[in-house]
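The sequence shown begins at 293 in the numbering used here and counts up one residue at a time. Here's the structure we're looking at; comments come further down.
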Amino acid sequence: MESQGSARRPSLASIVKRLDIFWVPPPTFNLGGKQEVRTWVGGLTSLIIMYTALMFALFKLQHLLLKQNPALIKYTEANLSQDQSVLDTSDESFMMAITLETYSEGVKSDPRYVKWIARHIKVVDGVSSVDTYAMHPCSKDELLKFSPSEWRSAGWSQRHMDEENLFCLDWKAMNITLYGTWASSSDYSILDIAAVPCGFQFVDVFGMEHRARSDCVWDKEAVIDYIGEVAWLVTYTNQGRFIQDEYNKEPIEYFSTKDSRQAEMTRSNWVWARIENNEVQ
293 MESQGSARRP
303 SLASIVKRLD
313 IFWVPPPTFN
323 LGGKQEVRTW
333 VGGLTSLIIM
343 YTALMFALFK
353 LQHLLLKQNP
363 ALIKYTEANL
373 SQDQSVLDTS
383 DESFMMAITL
393 ETYSEGVKSD
403 PRYVKWIARH
413 IKVVDGVSSV
423 DTYAMHPCSK
433 DELLKFSPSE
443 WRSAGWSQRH
453 MDEENLFCLD
463 WKAMNITLYG
473 TWASSSDYSI
483 LDIAAVPCGF
493 QFVDVFGMEH
503 RARSDCVWDK
513 EAVIDYIGEV
523 AWLVTYTNQG
533 RFIQDEYNKE
543 PIEYFSTKDS
553 RQAEMTRSNW
563 VWARIENNEV
573 Q
């Protein structure tokens, strides 16, 4: 015979019942001295819910500690962790236009005075090569390739796009990549962009000969006066940025923006600036 002080060992069913989170009060004040009714079915269901919640919490904690957020890792691998040292200018998303601008007189695009060229300078194992490309006023189709302008550049881009003051290159035909820098890399691939006198004659990389226009201004001093005190060479490019708080939606916001850099005059009437990959990504 059990002693009066000994406690009755609880059964498995009673333990499961105690876990019931769906208990309800009885229709009367009490039922058999109890103010709540718990069932083993409710307890079993509650146990499954608690187990699932615990496993999910441990799973998320593991991902947090190991920095394996599945909602972000796909973008991180594709956009942030990839090698950004090489820029493929033939990529569909890449687009860049260029113009020359002064403080007081605005854009300098009169073809009677200046023409635009791009020189692709490539150095591999100490061996250099230079290819020359002709630039042209951007066509409407080329301007449509630009993403909506960033608000800080909206007025400027709309004004100059309407007046066709931007100059473009045929990036797909060029099929070049930009990498390294002139100052710090032994191997590099960069662009020199230059506004040269209208009378400058050259043969581009495709074998096309570019001569002077019939209405070209040959007076060197007149060209120098037209260019004046050059302030900036302006590049207008497509860009993209990651929107971290909206990664469940489209994670990348595409836009176009302008960047101004001071142009150099190595000759009295030859204005140029260097474009490297880290400046247009």
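In this text, a Cβ means the ideal position worked out from N, Cα and C, and glycines have one as well. Given the structure is predicted, the values throughout are model-derived calculations rather than measurements.
Assuming contact is defined by CB atoms lying nearer than 7 Å, are residue i and residue j in contact in what I supplied?
i    : j    : result
T589 : N457 : Because the chain in this structure spans residues 293 to 573, residue 589 falls outside the shown range and cannot be described.
T424 : I409 : yes
I567 : L435 : no
Y405 : V515 : yes
S445 : K352 : no
S439 : Y546 : yes
V419 : R411 : no
V399 : Y471 : no
R503 : L525 : no
Please report the Cβ distance between residue i and residue j, rounded to the nearest whole angstrom; I am assuming they are in contact, meaning their Cβ atoms lie under 8 Å.
i    : j    : result
S481 : T469 : 6 Å
N530 : S506 : Not quite, the Cβ-Cβ distance comes to about 36 Å (not below 8 Å), so this is no contact.
F386 : H428 : At roughly 17 Å, the Cβ-Cβ gap does not stay under 8 Å, so F386 and H428 are not in contact.
D383 : A426 : Not a contact, Cβ separation roughly 22 Å.
M388 : T527 : 6 Å
F492 : K432 : Contact flag wrong, Cβ pair sits at about 27 Å.
Bridge partners for residue i per DSSP, in chain order?
i    : result
D551 : T527
L379 : L470
D632 : Examination of residue 632 is not possible in this model, given that the chain is present from 293 through 573 alone.
V579 : The structure shown does not extend to residue 579, since the chain is modelled only from 293 to 573, so the question has no answer here.
M388 : T529
F459 : I390, P429
My output table needs one value for residue i: the three-state DSSP class, helix, strand or coil.
i    : result
I468 : coil
Y395 : coil
T424 : strand
K432 : helix
S504 : As written in the sequence, residue 504 is Ala, which differs from the Ser given in the question. Reduced to three states, the DSSP call for A504 is coil.
V495 : strand
K437 : coil
W443 : helix
V515 : helix
A475 : coil
W510 : coil
N371 : Unreliable placement is indicated for N371, whose pLDDT of 36 sits below 50; no coordinate value is reported for it.
When the Cβ atoms of the stretch 482-495 are set against those of the stretch 508-522, are three or more pairs found closer than 8 Å?
-> Segments in contact, yes.
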